[in-house]
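FYI, the UniProt record's numbering numbers position 44 of the sequence shown as 44, with every residue one higher than the one before it.
In what follows, a single structure is set out as structure tokens and then discussed.
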Amino acid sequence: MSLPVKRNYRSPLEGFESASTPLSEERNEDGKSFVNPPREGLSDSYEKFGHPLDNGRRGGFDVHIYYFQENEVQTKYAKELWERIRREFPELRVYKVWDKPIGPHPIAMFEVNLFTPAQFGAFIPWLSVWRGPLSALVHPNSIPEEGESPMKSALRDHSERAIWLGEKVPLDFGRFLDAIEAGK
1 MSLPVKRNYR SPLEGFESAS TPLSEERNED GKSFVNPPRE GLSDSYEKFG
51 HPLDNGRRGG FDVHIYYFQE NEVQTKYAKE LWERIRREFP ELRVYKVWDK
101 PIGPHPIAMF EVNLFTPAQF GAFIPWLSVW RGPLSALVHP NSIPEEGESP
151 MKSALRDHSE RAIWLGEKVP LDFGRFLDAI EAGK
């Protein structure tokens, strides 16, 4: 379900307004990619998630790994993947395997929280290989903008800012929309 959201987006060039040198058209040895301008040090995004992502208790990203609970092959694979993740990535927060829909998630799933860019950089490529027949929703945990309800922020994180590995599973946004309408 695509949600029409009327929104003004901040410029992605915010913070780089003083970059006065035009970008070069020079190409790298591969003949396709461009030579980028030099920069002193790495982006802060290598060390922590940038605003508005949560660097605190919730973590910057949630990963929901879905399986069809009536499919024996997927159920077995999901439980084995859950165990493997807990053994290979013990530093991640891994929740229980739900055997039925819960919240906006229309089929069974389990959730993993990522707290650092390093965890994201290690886990997401690993999951893209090991997810097998399962789909995964990767969504940020944004800190609500000033005057914004937490539910509106959560809705945007699960929809507009969502990243999918595998087939997209249509989420049930009804609870988010009801809470927003109720002023929560």
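Glycine included, C-beta positions come from ideal geometry on N, C-alpha and C.
Buried versus exposed call for residue i [16 or more other C-beta atoms within 10 Å across all chains shown]
{"i": "R156", "result": "buried"}
{"i": "M1", "result": "Its pLDDT being 46, under 50, M1 is placed unreliably by the model, and nothing is read from it."}
{"i": "S128", "result": "exposed"}
{"i": "S24", "result": "exposed"}
{"i": "N153", "result": "Asn is not the amino acid found at residue 153; the sequence shown has Ser there. Buried."}
Contact check, residue i vs residue j, beta carbons under 7 Å
{"i": "A118", "j": "L165", "result": "no"}
{"i": "P52", "j": "I143", "result": "yes"}
{"i": "D54", "j": "N141", "result": "yes"}
{"i": "Y95", "j": "A78", "result": "no"}
DSSP state of residue i mapped onto helix, strand, coil
{"i": "E111", "result": "strand"}
{"i": "residue 241", "result": "Residue 241 lies beyond the range of the chain shown here (1 to 184); nothing can be said about it."}
{"i": "V129", "result": "helix"}
{"i": "A136", "result": "strand"}
{"i": "A53", "result": "The sequence given here has Leu at residue 53, not Ala. If DSSP states are grouped into helix, strand and coil, L53 belongs with the strands."}
{"i": "R86", "result": "helix"}
Extent of the continuous beta strand (DSSP E) run through residue i
{"i": "F61", "result": "F61 to Y67"}
Where the alpha helix (DSSP H) containing residue i begins and where it ends
{"i": "I163", "result": "No alpha helix (DSSP H) contains I163, which is instead part of the beta strand (DSSP E) from I163 to L165."}
{"i": "K169", "result": "Note on identity: in this sequence residue 169 is Val, with Lys being the wrong assignment. Element bounds for V169: n/a, residue is neither H nor E."}
{"i": "D157", "result": "P150 to H158"}
{"i": "W98", "result": "Here W98 belongs to no alpha helix (DSSP H), and DSSP marks it neither H nor E."}
Using a Cβ distance threshold of 8 Å, determine whether the segment 31-50 contacts the segment 99-106, with at least three qualifying pairs required.
no
Is it the case that the segment 122-133 contacts the segment 93-102, given that we only count it when at least three CB pairs across the two stretches are under 8 Å?
no
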